[in-house]
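These notes concern the structure reproduced below.
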Amino acid sequence: MGVVPQPIQDVFIVIERNREINVLDWLLTFRLESSLIWPAKWSNIKILYLLTRYLPIIDVFIVMYHQFDPSLSVTACKATYESACWLAIFGIALAEIILTVRTWAVWRRTLRITIALTAMFLTILTSTIVVVSFQLRGSQRRFCWMIKRVPTQRHLV
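In structure tokens, the structure reads:
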């Protein structure tokens, strides 16, 4: 059983810090959110906001399960890795939609801006989906390389 390489340790640290920042952000803004967002009438933007706000919780649990469950089978490893990738892309796309709508509103909702922002969003989203699809297809053997290297209770006895 080998030592976990430094780049992998760095990834684990980044994951942990990201989770801590998200928890701190939720704690600091929860009171404002519950008084301003929750009572507001339901709209598409409110749904986008809430999805963008709370999907990372699910994402973090999937990533933590993928990274730290020593009993994870190769099939489950592949499924959790791909789920985490697609969920992250979905969350980023939702956040980009919010920014796009805000930019569109600032530019007074003109047709020219509508076409430009829509074209940019769709181009970036499509290229991201294509690149991630190729990356996932090409990494089927690599993304679960640590499965057999993570110590379990059997190794510690």
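Per the UniProt record's numbering, the very first residue in the sequence shown carries number 1; after that it's consecutive. Don't be surprised by glycine CBs; every beta carbon is placed ideally from N, CA and C.
Across the structure, Ala116 and Thr110 are spaced so that their CA atoms are roughly 10 angstroms apart. Less than 8 angstroms divides the Cβ of Ile45 from the Cβ of Val101.
Straight across, the Cα-Cα distance linking Pro70 with Phe61 is about 15 angstroms. As the crow flies, the alpha-carbon of Val130 is around 11 angstroms from that of Arg137. The C-alpha of Leu24 lies about 19 angstroms from the C-alpha of Gly91. Look at the beta carbons and you see the segment 27-39 not touching the segment 63-80: under three pairs across the two are nearer than 8 angstroms.
Annotated three-state conformation of Ala84 is helix, per DSSP.
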